[in-house]
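Some notes on the structure that comes next.
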Amino acid sequence: MANTIELKVPDIGDFHDVPVIEVMVKPGDHVDKDQGLVTLESAKATMEVPASTAGVIKEVKVKVGDNVEQGAVIATVEAEDSLPSPSEREAGGEGSAPAKDPQSTSAAPPTPSKPGPSVAPSGHPLPKGEGKIAAPQAASETGRKADVECAMLVLGSGPGGYSAAFRAADLGLDTVLVERYGTLGGVCLNVGCIPSKALLHAAEVIDAAEGMAAHGISFGKPKIDLDALRDFKDKTVGKLTGGLASMAKQRKVRAVQGVGTFMSPHELEVVNGNDRQLIRFRQAIIAAGSEAVHLGIFPWDDPRVMDSTGALQLRDAPKNLLVVGGGIIGLEMATVYRALGSTVTVVEFMEQLIPAADGDLIRPLATRLKQQGVAIHLKTKVTAAKAQKNGITCEFEGDSIPDKKTFDRVLVSVGRSANANKIGADKAGVTVTGRGLIPVDTQMRTNVAHIFAIGDLVGQPMLAHKAVHEGHAAAEAAAGLKRHFDARVVPSVAFTDPEIAWVGVTEREAKAKNLDVGVGKFPWAASGRALGMDRAEGFTKLIYDKATHRVVGGGIVGVHAGDLISEVALAVEMGAEIGDIALTIHPHPTLGESVGMAAEVAEGTITDLYIPRRK
Ligand SMILES: Cc1cc2nc3c(=O)[nH]c(=O)nc-3n(C[C@H](O)[C@H](O)[C@H](O)COP(=O)(O)OP(=O)(O)OC[C@H]3O[C@@H](n4cnc5c(N)ncnc54)[C@H](O)[C@@H]3O)c2cc1C
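The numbers in my numbering rise by one with no breaks, and the one at position 9 of the sequence shown is 82.
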């Protein structure tokens, strides 16, 4: 039996007089349970107030521009409490929805306006094990006359810093960008993403040419001119960093070179040789990034011991290279040096290469590396390393000790540590955790309201594209826009051969959290495009919430997986259902088609594979 109830604004926290910016229903409309009624916009968030019950709207009590607060009546509805909502029916809910308490008149709790309940927006909670940290006592003003004054100071010019500075300038803030090195672009452009990918391109071409020998085209053994290859890498970097310098000029962003240290909450001192400048700023964005971890057991004063920056210098192609750490960076460099002719040994402390990714994604990569002669030793660590005349001699401990003990070069790639403890953050009153990270809210604001922090120094994942989006969010929030970093997912890519890419919920995570997910997996052995490239070892998988059918994650292993994963990231962000992807026409024959076909596998509509029906 239907009864009329009032739908009221539920508990929306400490907000009063919140404007209604959209009314989504009118009298006579049928609404499902959880269907949005109105959108409210507070200073902190835009939220949709959904119907707590299905029924027919009798009267709408608010209009756009009205201010409301908890308890205000939004609409009256003739409730059909006994009917389950379509989502409950789809989910195979047990019979009908429980009858609502007729006295219960609040709408359901407000939800962010984006769909997709299964993947929470990635906020910036304190890392595990970091409890509440007392804010440091800020230093008082130096009393010195400022050499430079600005509305916005950005410390560090990596992908986070330059993106934040450029966005701030575009929004009208007079911006200064401080960088200790002579070129802008940070780790990513100078000693990270870009030079590594230039070298990986060379490795890919060498391998592709060699692979064609089996199909009738032989190029012979490649002649490798390391000087020319280094030059290609350096020129690639130069084009991008030069481009940044001119874009900074075009935007009137003032770049100041030197090491920056906060002196107080509104002052930063920049030291460049004997030159000292004091910058006074109204707001700041800290984007000082991270550095490679240097384990103390290695003799770092010996040039044969390298971090990723040293490895990218490409001084030679050592006969024997030990890579300590089988994560993304270690394996990318192993891929480069193996293609250039080095015999490569990888030791990884964990039981899997690239431990963050699902194990099935790793297998085709591990198989290919082994076929290429790369020795992989899992659950093994280096316990000591000594510089000898004939190489670096290492001692190992673990399940799989390498026979070889002395190497011409050793690359240590065991992680990166944030630079937050090296910038005088305490003098600005900015909290830094015991692990050297800066806690921020969803607007990337630190505990000091006018200072933001972004990129590697706010925590994992330490990736350039995350830093860029955080930089935009911080700059926009600083310029007064209601902007939050509310991305649900950040895709990860290992540019190995084959590439491995994943995004959102992994199968391992789903299992650990007991999430009820389904998986659609399409093997590239059935992809005409992959077969035509003789690279059919990969696969594409989509992970979806069984109740809502929404895509919550995915993983791809195969050539160009890094280019293909964006579609899955978009699907998760948009709250797309697996059927949306299956019904999207993907061009044939492409590797991208494998994403559509993985969705068809999940839907049971695939015709490019034969999958016997379950009885
Ligand atoms: C070998 C390698 C390969 C990588 N490949 C990829 C990839 O393919 N894709 C990807 O997404 N990520 C990749 N990364 C990670 C990526 O480079 C980082 O996540 C990204 O650069 C972080 O950006 P950021 O702006 O936080 O800081 P950074 O890029 O670290 O920039 C920080 C800047 O701040 C400057 N700085 C620090 N302290 C001071 C100070 N006190 N005064 C003045 N300046 C200061 C530094 O000199 C630096 O230029 C790679 C990293 C490495 C090492």
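C-beta atoms are modelled at their ideal positions from N, C-alpha and C, and glycine is treated no differently.
As the structure is a prediction and not an experimental result, all values here were calculated from the model.
Helix, strand or coil at residue i according to DSSP, with G and I counted as helix
{"i": "N140", "result": "strand"}
{"i": "Y410", "result": "helix"}
{"i": "A365", "result": "strand"}
{"i": "L313", "result": "helix"}
{"i": "R355", "result": "strand"}
{"i": "R489", "result": "strand"}
{"i": "S230", "result": "coil"}
{"i": "I511", "result": "coil"}
{"i": "D105", "result": "coil"}
{"i": "R162", "result": "With a pLDDT of 33 at R162, under the threshold of 50, the modelled position of that residue is not reliable, and no figure is offered here."}
{"i": "I573", "result": "strand"}
{"i": "N345", "result": "strand"}
{"i": "S565", "result": "strand"}
{"i": "R240", "result": "helix"}
{"i": "K459", "result": "strand"}
{"i": "V503", "result": "coil"}
{"i": "G601", "result": "helix"}
{"i": "R518", "result": "strand"}
{"i": "N393", "result": "strand"}
{"i": "L554", "result": "coil"}
{"i": "E424", "result": "coil"}
{"i": "P123", "result": "strand"}
{"i": "P596", "result": "strand"}
{"i": "L682", "result": "coil"}
{"i": "L588", "result": "coil"}
{"i": "F292", "result": "coil"}
{"i": "V578", "result": "coil"}
{"i": "V531", "result": "helix"}
{"i": "P92", "result": "strand"}
Residues that residue i bridges to, as DSSP identifies them
{"i": "Q323", "result": "Looking at the DSSP assignment, Q323 forms no beta bridge with any residue, so it has no partner."}
{"i": "C223", "result": "F354"}
{"i": "E151", "result": "T77 and V129"}
{"i": "T453", "result": "G471"}
{"i": "S337", "result": "E340"}
{"i": "T248", "result": "M225"}
{"i": "M379", "result": "L484"}
{"i": "Q444", "result": "Note: Q444 sits in no beta bridge, so no partner."}
{"i": "R623", "result": "E650"}
{"i": "T663", "result": "According to DSSP, which records beta bridges pairwise, T663 is partnered with nothing at all."}
{"i": "D618", "result": "V590"}
{"i": "A211", "result": "Looking at the DSSP assignment, A211 forms no beta bridge with any residue, so it has no partner."}
{"i": "F612", "result": "P596 and V630"}
Residues of its chain near residue i, where Cβ-Cβ distance is below 6 Å and the 5 sequence neighbours each way are ignored
{"i": "T466", "result": "K459, K478 and T479"}
{"i": "A241", "result": "M225, T248 and A548"}
{"i": "R253", "result": "V332"}
{"i": "P268", "result": "K306, V310 and L385"}
{"i": "V632", "result": "P571 and R608"}
{"i": "P185", "result": "Reliability fails at P185, whose pLDDT of 37 lies under 50, so the model's placement of it is uncertain and the value that follows must be treated cautiously. So no residue of the chain qualifies."}
{"i": "E151", "result": "A75, T77, G128, V129 and K131"}
{"i": "A526", "result": "I359, I511, V513 and T519"}
{"i": "T680", "result": "none"}
{"i": "G258", "result": "T314 and L317"}
Own chain partners of residue i with C-beta closer than 7 Å, once the 5 adjacent residues on each side are dropped
{"i": "G168", "result": "Low local confidence applies: a pLDDT of 33 at G168 is under 50, so the model's placement there is unreliable, with the coordinate-based value given in what follows. Here the set comprises nothing."}
{"i": "T657", "result": "G669"}
{"i": "A211", "result": "S337, P338, K500, A501 and G502"}
{"i": "V487", "result": "V366, L368, V397 and G398"}
{"i": "P534", "result": "V563 and S565"}
{"i": "L273", "result": "E405, T408, V409 and F568"}
{"i": "D139", "result": "V93"}
Chain-order list of residues whose beta-carbon lies under 8 Å from that of residue i (same chain, five-residue window excluded)
{"i": "V264", "result": "S381, T382 and L385"}
{"i": "N520", "result": "A208, G502, V503, T504 and P512"}
{"i": "L100", "result": "As written in the sequence, residue 100 is Pro, which differs from the Leu given in the question. Counting only Cβ-Cβ distances below 8 Å, and skipping sequence neighbours, we find I130, K131, E132 and V133."}
{"i": "E468", "result": "V455, T456, A457, A458 and K478"}
Min CB distance residue i to chain C below 8 Å
{"i": "Q330", "result": "Included in the structure is just one protein chain, with no chain C present."}
Original post:
Three or more C-beta pairs closer than 8 Å, one from the stretch 423-434 and one from the stretch 443-463: is that the case here?
Top reply: yes
**OP:** Pair every Cβ in the stretch 426-438 with every Cβ in the stretch 567-579, then say whether three or more of these pairs are closer than 8 Å.
**Re:** yes
Subject >> Inter-stretch contact (C-beta, 8 Å, three-pair minimum) for the stretch 665-680 and the stretch 576-590 >> reply: no
Original post:
How do the stretch 336-350 and the stretch 469-489 stand: do at least 3 beta-carbon pairs fall below 8 Å, yes or no?
Top reply: no
Original post:
Given 8 Å as the limit, is there contact between the stretch 401-411 and the stretch 286-297, that is, 3 or more CB pairs closer than that?
Top reply: no
Original post:
Hey, is the stretch 631-651 in contact with the stretch 606-615, meaning 3+ C-beta pairs nearer than 8 Å?
Top reply: yes
Original post:
Touch check for the stretch 228-235 and the stretch 536-544: three-plus C-beta pairs under 8 Å?
Top reply: yes
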